[in-house]
Amino acid sequence: MLHSHSKRLACRAKERESERGMTRPSAKEIKPIADVAGVPIEATVAERIANSIGPAFESFAPIAGTLPFDLEPASFLLAQTMKVSR
Amino acid sequence: MSIEPALMSLTAVAKAIADKQVSSNEVTRSCLHRIAQWQGKLNAFMTVEAESALKAAAEADAALAKGESRGPLHGVPLAHKDMYYDAGQVVTCGSLIRRDFVAATTSTALQRLKDAGTIRLGALGMAEFAYGPTGHNYHYGAVHNPWKLGHVTGGSSSGSGSAVAARLTFAALGSDTGGSIRMPAHFCGVTGLKVTYGRVSRAGAMPLSQSLDTVGPLARSAEDCALLLGLMAGADGEDPTASTAPLADYMAATSASLKGLKIGVPTSFYVDDLDADVAKILDNTIAVLKREGADIIKVELPDQRQLSAACQLVLAVEAAAFHKRWLIERPQDYGPQVLMRLQNGLSVPAVLYLEAMRWRGPALAAHVAATANVDAVLAPVAPVAAPSIAESDVGNSPNAEAVIQRLTRFTRTINYLGLPALAIPCGFNASGLPIGMQLIGRSFDEATLLTIGAAFQRATDFHTKVPSAA
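Here it is as structure tokens:
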């Protein structure tokens, strides 16, 4: 069940990826996030962070915003013990 | 005994001590002799505790003379990554911040090895707070690769990889959050086991990312890893994430045949952008496994870039959260590269982090479905052999993450999925640097990986090669 769910997610993600465009944060967006996190950073550091972690945001974009409401957050523990027949 | 004791495998030396063919004192002196030869070149040890090790060895020999054995590793000297709490000992975690930190407790994994009779030889170098894939350390200097000085060991278990390869310790604990056991194993030509998330207790091990951290050994063979896993694995009241799933007989698994086992080889991602030497050694490894009786089957895995990205987001946030207090109070006490990586986590919104965590179940289920027809997947650990320390000293460069991402792209996906993986030495490149492969298994099925690794090591001798100190 988890697998079929994952397939559906992948299809839906592909459709939505093009609709949403880039999700990579800019330095301007990162600075206030870090400030709110309680660890203020310089603008140059925000710029570097944007370059460093930006690709991870982009690669995760097809998944972000696609997870269904009722997906159990701890389903990883179930998947660890699931049996799949050959 | 004709062979230099330090050159024996863990299983062989433990048996030799138990059979009184060699004393713990002789074994410990042999390790200390090699450490004296190598340490100035490698910087593998944070501390060498010769006096206390010899005292403990004498006690072990005296006990054995009276017929008392503490366990299967009675009198065997070992050193571990300097992040395992050992009550009363300084545990630096490779950092300036914890340079004088004295642990009040002993980590479960370490205690279980002590209970089996091991002796403490010292502490091994590591990347600062285990947050670096190369082996550079701003505070204590880089650990060198014994196969070629001036080249990286891989990290973060840099001292563990270097010291096991140079035969300074029979085995060493490492930790693997994004590849930190498998990369040093690959770059240094030793065997490293990244266990299933939850298989070995993390209690008393320095945390980096609670969802990804795993404790495991680097050793000279799959058989040695099996011995150590059997001693360390299992539930632990001190770590609620330590699984109660049943344990296998890991040592028995190492003598099983490959016949009937199916090994998958990915059709993409893990075979892209490989150096020619790595690609050739992957083909040779496949040929050996086939010859030994395994069926090789192509497998198409789900999008690995998404898994890698999810892992990066989770790791960045959890590491930043662990370090937040010091990021506020002592940012100047971090090395620039580690500070940079920790700051990355400050930029990830909580909702995105939770999505990355919540996707873990479906992502693992998709992997399980894609690999349902195989017992394990074979893949390179890294697309290259060890780069030089100079060329990979990325400092505060804006390209730092690009360099790191290339090195870690084949390993961190496995941490996100929580799967076990065994890195084994599979050959050498034209420059004489080792190249390893990883066998990726099903959750809690380390035994099958050890079966395959041991069979491969019975058919080859890459794991027995020893670098020269000359």
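These protein sequence lines map, in sequence, to chains A and B. Its first residue numbered 1, the first sequence is counted upward by one per residue in the working numbering. Its first residue numbered 87, the second sequence is counted upward by one per residue in the working numbering. Glycine included, each C-beta is placed from N, C-alpha and C at the ideal position. Just so it is clear, the structure is predicted and the values come from calculations on it, not from any experiment.
Q. With which residues is LEU525 of chain B paired in a DSSP beta bridge?
A. Residue 525 of chain B sits at position 439 when you count from the first residue of the second sequence. Answer is B:LEU464 and B:LEU508.
Q. I think PRO40 of chain A touches ALA34 of chain A, with their Cβ atoms under 8 angstroms apart; what is that distance to the nearest whole Å?
A. Taking the first residue of the first sequence as 1, we reach residue 40 of chain A at position 40. Taking the first residue of the first sequence as 1, we reach residue 34 of chain A at position 34. Confirmed, Cβ separation roughly 6 angstroms.
Q. MET269 of chain B by DSSP, collapsed to three states: which one?
A. Position 183 of the second sequence holds residue 269 of chain B. In the structure shown, MET269 of chain B sits in a helix (DSSP, three-state: H, G or I).
Q) In chain order, what residues of the same chain lie with their CB nearer than 8 angstroms to the CB of SER474 of chain B, ignoring the 5 residues before and after it? A) What you label residue 474 of chain B is simply residue 388 of the second sequence in a count that begins at 1. Answer for SER474 of chain B: GLY236, HIS237 and VAL238, listed in chain order.
Q: Whole angstroms is fine: what's the gap from PRO219 of chain B's alpha carbon to LEU294 of chain B's?
A: Counting from 1 along the second sequence, the entry for residue 219 of chain B is found at position 133. Counting from 1 along the second sequence, the entry for residue 294 of chain B is found at position 208. Spanning the two alpha carbons is a distance of roughly 13 angstroms.
Q | Status (buried if at least 16 other CB within 10 Å, exposed otherwise) for GLN107 of chain B | A | Locating residue 107 of chain B in the second sequence gives position 21, counting from the first residue. Answer is exposed; the Cβ neighbour count stays below 16.
**Q.** Terminal residues of the beta strand (DSSP E) in which GLY132 of chain B lies
**A.** As a working mapping, residue 132 of chain B is identified with position 46 in the second sequence. Before going further, note that residue 132 of chain B is Met rather than Gly in the sequence given. Per DSSP, MET132 of chain B belongs to the beta strand (DSSP E) from 131-134.
Q) Should SER261 of chain B go down as buried or exposed, given a rule of 16 or more other Cβ atoms within 10 Å for buried? A) The residue labelled residue 261 of chain B in the question sits at position 175 within the second sequence. It is buried - the Cβ of SER261 of chain B has at least 16 other Cβ atoms within 10 Å.
Q) Residues of chain B with CB under 9 angstroms from GLU72 of chain A, in chain order? A) Counted from its first residue, the first sequence places residue 72 of chain A at position 72. Those within 9 angstroms of GLU72 of chain A in chain B are ARG444 and GLY447.
Q | Own chain, CB closer than 7 angstroms to SER116 of chain B, minus 5 neighbours either side, in chain order | A | Taking the first residue of the second sequence as position 1, residue 116 of chain B is located at position 30. GLU90, PRO91 and ALA92.
Q. Quick one, are the C-beta atoms of ALA82 of chain B and THR277 of chain B less than 8 angstroms apart?
A. Given that chain B is displayed from residue 87 to residue 556, the structure contains no residue 82 of chain B and the question cannot be resolved.
Q.
Rounding to the nearest angstrom, what Cα-Cα distance links LEU128 of chain B and ALA541 of chain B in this structure?
A. Start at 1 with the first residue of the second sequence, and residue 128 of chain B comes out as number 42. Start at 1 with the first residue of the second sequence, and residue 541 of chain B comes out as number 455. Taking the straight line from one Cα to the other gives about 31 angstroms.
Q) When DSSP labels each residue in this structure, what does HIS549 of chain B get in the three-state scheme? A) Residue mapping note: residue 549 of chain B aligns to position 463 of the second sequence, counting from 1. Here HIS549 of chain B sits in helix by DSSP.
Q.
At 3 residues or longer, what runs of the beta strand (DSSP E) sit wholly inside the stretch 329-392 of chain B?
A. 348-352 and 381-385
Q.
As an exercise, report each continuous alpha helix (DSSP H) stretch of at least 4 residues that is fully enclosed by the stretch 226-260 of chain B, in chain order.
A. 244-251
Q. Pick from B:ALA189, B:SER193 and B:THR499: whose alpha carbon is nearest that of ALA396 of chain B?
A. The residue labelled residue 396 of chain B in the question sits at position 310 within the second sequence. Closest by alpha carbon: B:THR499.
Q. So, LEU210 of chain B versus ALA130 of chain B, is the Cβ gap smaller than 8 angstroms?
A. Here residue 210 of chain B is taken as the residue at index 124 of the second sequence, counted from 1. Here residue 130 of chain B is taken as the residue at index 44 of the second sequence, counted from 1. Yes; because the gap between Cβ atoms is below 8 angstroms, this pair is in contact.
Q.
At a CB distance below 7 angstroms, what residues from the stretch 456-467 of chain B approach chain A? Give them in sequence order.
A. ALA458 and ASN459
Q: Measure the C-alpha to C-alpha separation of ALA452 of chain B and PHE76 of chain A and round it to an integer number of angstroms.
A: Taking the second sequence and counting its residues from 1, the one referred to as residue 452 of chain B is at position 366. Taking the first sequence and counting its residues from 1, the one referred to as residue 76 of chain A is at position 76. Between ALA452 of chain B and PHE76 of chain A, the C-alpha separation is close to 11 angstroms.
Q) Are there 16 or more other CB atoms within 10 angstroms of the CB of PHE69 of chain A, so buried, or fewer, so exposed? A) Walking along the first sequence from the start, residue 69 of chain A turns up at place 69. When all chains shown are included, PHE69 of chain A counts as exposed.
Q: Below 8 angstroms CB to CB, which residues in the same chain sit around ARG198 of chain B once its five sequence neighbours on both sides are set aside?
A: Numbered from its first residue, the second sequence carries residue 198 of chain B at position 112. Around ARG198 of chain B: LEU317 and MET318.
Q: Name the residue from B:ASP325, B:PRO511, B:ALA436 and B:GLY518 whose alpha carbon lies nearest to the alpha carbon of SER307 of chain B.
A: Here residue 307 of chain B corresponds to residue number 221 of the second sequence, with the count starting at 1. It is B:PRO511.
Q: Just the C-alpha distance for THR133 of chain B and GLY208 of chain B, rounded to the nearest angstrom, thanks.
A: Working through the second sequence from its first residue, we reach residue 133 of chain B at position 47. Working through the second sequence from its first residue, we reach residue 208 of chain B at position 122. Looking at the backbone, the Cα of THR133 of chain B and that of GLY208 of chain B are separated by about 5 angstroms.
Q: Output yes if chain A places a C-beta closer than 8 angstroms to the C-beta of ILE538 of chain B; else output no.
A: One-based indexing of the second sequence puts residue 538 of chain B at position 452. So, not an interface residue.
Q: Show which residues of chain B have a CB atom less than 8 angstroms away from the CB atom of GLU34 of chain A.
A: On the first sequence, position 34 is the one that residue 34 of chain A refers to. Residue identity check: residue 34 of chain A is Ala in the sequence provided, not Glu. What ALA34 of chain A touches in chain B: GLN429, LEU432 and SER433.
Q.
In the DSSP output, what is VAL301 of chain B paired with across the bridge?
A. Here residue 301 of chain B refers to the residue found at position 215 of the second sequence. Its beta-bridge partners are B:SER261.
Q | Partners in chain A for GLY504 of chain B, counting only beta-carbon separations shorter than 8 angstroms | A | Along the second sequence, read from residue 1 onward, the residue named residue 504 of chain B stands at position 418. PHE76 and GLN80, listed in chain order.
Q) Sorted by chain position, which residues of the same chain lie with C-beta nearer than 7 angstroms to ARG492 of chain B's C-beta, five sequence neighbours on each side aside? A) If you number the second sequence from 1, residue 492 of chain B lands on position 406. Contacts found: PRO469.
Q: Under the assumption that SER244 of chain B contacts TYR217 of chain B (Cβ atoms under 8 angstroms), give the Cβ distance between them as a whole number of angstroms.
A: Here residue 244 of chain B refers to the residue found at position 158 when the second sequence is read from its first residue. Here residue 217 of chain B refers to the residue found at position 131 when the second sequence is read from its first residue. Not really, about 12 angstroms apart at Cβ, beyond 8 angstroms.
Q | Minimum length 4: unbroken alpha helix (DSSP H) runs contained in the stretch 20-72 of chain A | A | 27-37 and 43-60
Q) Measuring CB to CB, does SER110 of chain B end up less than 8 angstroms from ALA146 of chain B? A) Along the second sequence, one-based indexing puts residue 110 of chain B at 24. Along the second sequence, one-based indexing puts residue 146 of chain B at 60. Going by C-beta atoms, SER110 of chain B is nearer than 8 angstroms to ALA146 of chain B.
Q) In the stretch 398-417 of chain B, which residues sit with their C-beta less than 7 angstroms from some C-beta in chain A, listed in chain order? A) GLN398, LEU399, ALA402, LYS410, LEU413 and ILE414
Q.
Give me the residue from B:PRO163, B:ARG268, B:PHE273 and B:ALA213 with the minimum Cα distance to PRO553 of chain B.
A. Indexing the second sequence from 1 puts residue 553 of chain B at position 467. Taking only the C-alpha atoms, the option nearest PRO553 of chain B is B:PHE273.
Q | VAL437 of chain B, buried or exposed, once every other Cβ within 10 Å from all chains shown has been counted against 16 | A | Residue 437 of chain B sits at position 351 when you count from the first residue of the second sequence. The residue in question, VAL437 of chain B, is exposed, as its Cβ has fewer than 16 Cβ neighbours within 10 Å.
Q: Establish whether the CB of ALA195 of chain B and some CB of chain A are separated by less than 8 angstroms.
A: Numbered from 1 along the second sequence, position 109 holds the residue referred to as residue 195 of chain B. No, its Cβ sits nowhere closer than 8 angstroms to a Cβ of chain A.
Q) What residues of chain A sit near VAL454 of chain B, judged by a beta carbon separation below 8 angstroms? A) Taking the second sequence and counting its residues from 1, one reaches residue 454 of chain B at position 368. Ordered by position in chain A, the residues that pass the 8 angstroms Cβ test against VAL454 of chain B are HIS3, ALA79, MET82 and VAL84.
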